[in-house]
Each structure stands twice: as structure tokens, then as C-alpha cells.
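Q: Would you mind keeping the following structure in view while I ask a few things?
Protein chains in written order, with the numbering used here: chain A, 1 to 332; chain B, 1 to 332.
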């Protein structure tokens, strides 16, 4: 919930002049997103009666500029394959990525819809379908980006937080070390891979009612196991505010996914482990953010312990069936 | 820069159902405004091809609910008299003001335009005209609200900050006390009065280029000397980032204002004093906010000392001519 970069009028007008979008008639900082600065831009084409909406994003320090061509090409690829996602707008010079206020900046198409503060099973069903379609659409995307938020990245995060993890909960460093060692030793090697979103939380999925209208925020997208995206969604969508696991949501999410892209036996079997890994990933990033939080920052750090509870759940499940899908339905 | 109240999907849909605006298709928190929570709402009427934009405001603690009927009626009155300002949208039941998430909430019309991060003399000229038109339009507005941010209010703010004012600058409490005593003894009694905006800073005035497209944020509006609004604008628009007073901006602002509503001799003579009062008002509110700032808050407090420098300027001017207007042009 922040605008990190204030754009002056002169800078905005000079930026606008590089596009064929008409006159910029409104530009309001959006109080969502913790990584980048986003403006909701309205531009009026000559002769049009109503302005069109766009999102203007300035990439702040957490996104590496060298990764931007991958992210933007991915959005264009997915949009061209029928996935509803923000599409980069090209300027008169053909470029989509340029500089604004000394930061990489891009204008993308605006998506209608609102993210669910509290998701319904119908929304989880739509999510399963959309995620599978995104994985299928990404199959022939030719660029690559390693997942820097997988095992090696987790180790680095843990090292950066180990000495102070006890401030959040006594013994937390040991718990995390044991888990990470286990996951490192047992992490799958040969599940189907492809381009994944890797951060598909509810605030990155827009709905109109129960109908999914688009996926946003692909700035963790990378190559990894496709089933890992499902594991992220299990963590991000299927736990209720009281901490309980909603198996109805998980089952419908997994079933709808498997209708479009069936899971093989190895993926099915790996679900609990992938879910543990994904819970650990968000636990570690939240822990890091909490311990390294600047009190003057405009974003409140999220509670890492929510994901400790989810990790415990996945450690204790009897097997992949605990997520509501049986092997036959998985398609294996 | 904050969203204080997160609105759930259910609450938003229930709220939407009370209006004839069509389907709410987007609702994004706006990272501007420090007093209230604002969402940019888009709603699609049946059969329309593009959504219409609105602002949904939830009133947070700084606005007194008993003042809201005054503010909303004022917006309607001004809009009906040709002033471009947000206009409250009425629901099916005829009401504009209702409750959302336990807070007073209203939907108003959306104004195109952007506020100037750094104003031009042309914008100051347009501001002078718009302010005078607003004062003229408000002349037959029948509701009343006392200015709780005038002398008595300043005294309360000073009392609440006196003990710790030295943390901001040694001797500040004495400086402020002396100034407030002087202003109390010399404050004008019988200047032309009417409804004023009282907080017309650049972020409350929208432009398309140099053309003024609307005035917003009337939540300090009240009855007071009309010329006090001009004094606020002198402080808010005519000082450059380096602290220097831009007499070109002041002159054009005052001249354009006086073309529509000429100042009488008493108003002209009172300008330096009103400007001192207005500088003290923002100095005191910023001082209070800085001293009572919650580190967990999402808004960074502004620097009170900016207005100490402006106060010093007004204390030292030779007379009202220092603002670029001579008595003849004032219309007196």
C-alpha cells in the first residue's frame, strides 16, 4: 500500500508524449501492491467521449531491471494466447519499457475486476481453470528465468534472518533449518516444468462476482515445477482466517486444474512436499521483511507465523489425498 | 497516502445494490489524501461499453459525522452553481450519505485532471478565478459551519503541543505563543464573510494542463472571512521549494480573484495578517501531527518548519502590496 515515486507533471507529460494513447486526464497513485509504484492512468483519445484506463508501473528496487524483458514478454505471450492479464502498451518507438523518474516504467492495459478479500469455493474453481490454462499457454514461451525464490533462495533468506528469528518465536531458527534441510534432501527433481506465476495470492487475481477476470503481478514468474504453482495456491487460497484448511476449496481448485492439465503420479505424490516448500518460502520472506522492516516504511509487514501454521499443516498431512484430490481424478 | 478501511467484497456489493450505477467492475484504493479512505470505483451501466468512474469515500476519525450534511450539501450547492467539484451521488432511497464498514460513506462524481506537483503562474491565475467564483457561488448557501481551525482552534493545538514543541525547534513554543497572542489581539472582526474552502492546497485542485478542471476535498470548508481563503492560497501556492516567495504567482492569483470579486480596503489591508494566521494554522496542525505521530501510521508527517519560514515572511512584509496587488487593482 504505497506510492514510492511521485511523478511530476512535466515528467508525466513527457512520458505521455511517447505514446499514442491521447491526453492523460487523470493519474492516481494506487494504494495496493508492496513491490512497485502503480498509478491508475486515464487517457482520452481525440474524439472519444470517455477515457480509457491503464496502469502505469514504476519498478522499485525489488524488481531487477534485467528481469523486466522476461516479465513483459511473458505478459504479451500469455495475452496473445488468450490469458487475461495486463498487456504492455508500446510507445511510438515500439518500446514498452522505458524510464520515468529514473526508474524502469511501463504502461499496461487495465483489467476490470476486484480481488477477493475472502475467496469463495466458486472463485477457487475458476482459479484452478485459469492457472491450468496459463500453464498450457506458457508451454511454448521461449524465454527463461530461474526461480530465485526456491531452495537456494530460501537458504539465503534463512541465513539473513537466523540470528534474530527468535524475536518472532523462540526456536524458530531451528524449526526453519530442520525444515529446509529436509526439503533440500527431498525436493523433487523431475516434475513437469514450465513458466509459473509463483505468487498467485488472492490480491493477484481479479473477479467480477465469481467469474475470474484476470491475473496480475507476474513479477515472481519463473521456470519451475508447474505443480509448485498449485502448492502456492493451496497455501494462498485454501486456509481460512481462523487457520483452518478448507478442503472444499482445495478440492475444487485441484479438480478444475486437473481437468485442463492432468497431474502425473509424481506430481500428485509431491503435492504435500511442494506445499511445505511454498509455505516455507512465504514464511521466510515475511520473516525477513518483518525483521528488516523500516518503521518509516509505508507498508506494514505481514505476519510470518501465519505460514508457520500452514507449514505445520502440510507436515502433518497423511498424503496428497488430504488436499481433496484422489489419484484417479488427478489424471495420473 | 493511505487506505484505512479495507472494504470486503460482500460489503461493497451490498453497498452497490443501493445505487443505480450499474455493476461495480473495479474498486482501487487511492494512495492520496491523509484524512479519509478513498477508492476509485468503476461501474458499468447495462448496455454501456465503458465504465464510469466515481470516488467512494469512507470518512475516518478526523471528519466529524455531524459535519457531513454540511459538506455534502455544499458540494451539491456549488455544483448546481457551476463550480466543478465532486458531486454526491444519491442512492435509490434518495440518500447520498450512508454507512459502509461502520463508517460514514459517500460516492461522489469523478473529476478528471491532476494536481500540480509544482504549480505554474498560469495555474495560479486559474486558481484565483476559480476561488472567486466559488465564493460568489457560495454566497446564497444557507447552511453554516464555524471554522474550528481559527484562533480558538489554534490555541487548543498550541496547548496540546507546547510541552514538546522544543523537540522540533528550541524556543518554538514561545515563538508560537507570541504570534498567537498578537493575532488574537489584532484579528479582523468585520471582513466580508461566506463559505470558504480553508484548505486549498495544490493537491486539492485539479488541472488539465494549465486549465483548472475542479476543486476537491471540502472537508475543512466553513464560514469565515473570504479573504482568509486567499491567504491560505498565498501560503499554499506562492512559495517555491527553496522557500522563496514567488510574487508573480501571488500577483496573478490575487488579480484574477479581484477581477471576479474585488477586495474592499479592509480586506486588502488585512492580507498580511490573514497570511500570518494561515501560516500559523498549518504550522500548528503539522506540529501536532508530527509530535503525535504513530510510527505505525501509513502517512509520513509533513515538516512544520516549512510554515515557520512562511510565517516569518508574512511577519516581515512592508504591507499588502508585498503580495503584488495594489489597492487600486484590489478594487477597494
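We put the beta carbon where it would ideally sit given N, CA and C, even for glycine.
(1) I'd like the list of long-range same chain contacts for residue 116 of chain B, defined as Cβ closer than 8 Å, with 5 residues on each side in sequence excluded.
(2) Could you please give me the residues that DSSP links to residue 88 of chain B through a beta bridge?
(3) What separation, rounded to the nearest whole angstrom, lies between the Cα atoms of residue 310 of chain B and residue 236 of chain B?
(4) Rounded to whole angstroms, how far is the Cβ of residue 89 of chain A from the Cβ of residue 108 of chain A, which I believe are closer than 8 Å?
(5) So residue 260 of chain B packs on residue 221 of chain B, CB below 8 Å; how close in whole Å?
(6) Rounded to whole angstroms, what is the Cα-Cα separation between residue 80 of chain B and residue 129 of chain B?
(7) Which residues in the same chain as residue 110 of chain B place their Cβ atom closer than 7 Å to its Cβ, once the five residues preceding and following it in sequence are excluded?
(8) Which term fits residue 133 of chain A, buried or exposed, when burial requires 16 or more other beta carbons within 10 angstroms of its beta carbon?
(9) Please decide whether residue 30 of chain A counts as near chain B, where near means a Cβ-Cβ distance under 9 Å.
(10) Can you check which of these residues, A:149, A:320, A:276, A:307, is closest to residue 287 of chain A by C-alpha distance?
(11) Keeping to the same chain, check which residues put their C-beta closer than 8 Å to that of residue 151 of chain A; ignore five residues upstream and five downstream.
(12) Of all Cβ atoms in chain A, is any one closer than 9 Å to the Cβ of residue 239 of chain B?
(13) How is residue 123 of chain B classed by DSSP in three states: helix, strand or coil?
(14) Report the neighbours of residue 27 of chain A on chain B: residues whose CB is nearer than 8 Å to its CB, in chain order.
(15) Are the Cβ atoms of residue 279 of chain A and residue 330 of chain A separated by less than 9 Å?
(16) Look at the Cβ atom of residue 198 of chain B, then the Cβ atom of residue 149 of chain B, and state whether they are nearer than 9 Å.
(17) Can you confirm whether residue 133 of chain B, when its beta carbon is compared against all beta carbons of chain A, has any partner nearer than 9 Å?
(18) Using a Cβ cut-off of 8 Å, which residues of the segment 54-84 of chain B contact any Cβ in chain A, in chain order?
(19) Mind checking residue 99 of chain A: buried by the 16 CB within 10 Å criterion, or exposed?
(20) Going by beta carbon distance, what residues of the same chain come within less than 8 Å of residue 25 of chain B, once the five residues before and after it are set aside?
(21) Please state whether DSSP places residue 363 of chain A in a helix, a strand or coil.
(22) Between A:15, A:9, A:290, which lies nearest to residue 158 of chain A when the distance is taken from Cα to Cα?
(23) For chain A, find out if any of its Cβ atoms is closer than 9 Å to the Cβ of residue 18 of chain B; answer yes or no.
(24) Taking C-beta to C-beta, are residue 15 of chain B and residue 74 of chain B nearer than 9 Å?
(25) Taking DSSP as the reference, what is the three-state secondary structure of residue 288 of chain B?
(26) Answer with buried or exposed for residue 248 of chain A, where buried requires no fewer than 16 other C-beta atoms within 10 angstroms of its C-beta.
(27) Cβ-heavy atom distance between residue 18 of chain B and the ligand SAH below 8 Å?
(28) Looking only at its chain, what residues have a beta carbon closer than 8 Å to the beta carbon of residue 223 of chain A, apart from the 5 residues adjacent to it on each side?
(29) When burial is assigned at 16 or more other CB atoms within 10 Å of the CB, is residue 240 of chain B buried or exposed?
(30) If you draw a straight line from the C-alpha of residue 125 of chain B to the C-alpha of residue 246 of chain B, how long is it?
(31) Give me the chain A residues within the contact set of residue 118 of chain B, using Cβ-Cβ distance strictly less than 9 Å, ordered along the chain.
(32) How big is the Cα-Cα spacing for residue 366 of chain B and residue 76 of chain B?
(33) Of the residues B:304, B:313, B:251, B:312, which one's Cα is nearest the Cα of residue 381 of chain B?
(34) How big is the Cα-Cα spacing for residue 175 of chain B and residue 214 of chain B?
(35) Residue range of the alpha helix (DSSP H) that residue 70 of chain B falls in?
(36) Alpha carbon to alpha carbon, what distance is there between residue 262 of chain B and residue 106 of chain B?
A: So, from the listed chains and residues:
(1) So the qualifying residues of the chain are 123, 202, 205, 207.
(2) Answer by DSSP bridge pairing, in chain order: B:108.
(3) Their Cα atoms are separated by approximately 10 Å.
(4) In this structure, residue 89 of chain A and residue 108 of chain A form a Cβ contact; the two beta carbons are roughly 6 Å apart against a cut-off of 8 Å.
(5) The Cβ separation is near 19 Å, so there is no contact.
(6) So the two alpha carbons sit approximately 18 Å from each other.
(7) Here the set comprises 53, 54, 55.
(8) Residue 133 of chain A is buried by the Cβ-count criterion.
(9) Interface residue, yes.
(10) Measuring from the Cα of residue 287 of chain A, the nearest candidate turns out to be A:307.
(11) Taken in chain order, the residues that qualify are 180, 183, 184, 187, 277.
(12) It does not: the Cβ of residue 239 of chain B has no partner Cβ on chain A nearer than 9 Å.
(13) Assignment of residue 123 of chain B by DSSP, reduced to helix, strand and coil, places it in the helix class.
(14) Residue 27 of chain A reaches chain B at 114, counting residues in chain order whose Cβ is nearer than 8 Å.
(15) Against a cut-off of 9 Å, the Cβ pair of residue 330 of chain A and residue 279 of chain A comes out as no contact.
(16) Note that the C-beta distance between residue 198 of chain B and residue 149 of chain B is below 9 Å.
(17) In terms of beta-carbon proximity, residue 133 of chain B stays away from the interface with chain A, with every pair separated by 9 Å or more.
(18) Along the segment 54-84 of chain B, there is no position whose C-beta sits under 8 Å from a C-beta of chain A.
(19) Residue environment analysis places residue 99 of chain A among the exposed positions, since fewer than 16 neighbouring C-beta atoms fall within 10 angstroms of its C-beta.
(20) The answer, listed in chain order, is 42, 43, 44, 51.
(21) No answer is possible for residue 363 of chain A: it lies beyond the span of chain A, which begins at 1 and ends at 332.
(22) Checking every option, the nearest Cα to that of residue 158 of chain A belongs to A:290.
(23) Residue-level contact check: residue 18 of chain B does not touch chain A, since none of the beta carbons of chain A fall below 9 Å from its beta carbon.
(24) It is not a contact, given that the beta carbons lie outside the stated cut-off.
(25) Three-state DSSP puts residue 288 of chain B in a helix.
(26) Only exposed fits residue 248 of chain A, as fewer than 16 other CB atoms lie within 10 angstroms of its CB.
(27) For the structure depicted, the ligand SAH is absent and the ligand set is empty, with no information on it obtainable.
(28) The answer, listed in chain order, is 144, 145, 146, 147, 193, 194, 195, 196.
(29) Looking at its Cβ environment, which holds fewer than 16 other Cβ atoms inside 10 Å, residue 240 of chain B is exposed.
(30) Cα to Cα, the separation comes out at about 13 Å.
(31) The answer, in chain order, is 8, 9, 10.
(32) Because chain B in this structure spans residues 1 to 332, residue 366 of chain B falls outside the shown range and cannot be described.
(33) Nothing can be reported for residue 381 of chain B: it is not among the residues displayed for chain B, which extend from 1 to 332.
(34) If I take the Cα positions, the gap works out to 37 Å.
(35) Counted as a single uninterrupted DSSP element, the alpha helix (DSSP H) harbouring residue 70 of chain B occupies residues 68-80.
(36) Distance from the CA atom of residue 106 of chain B to the CA atom of residue 262 of chain B, rounded to whole angstroms, is 36 Å.
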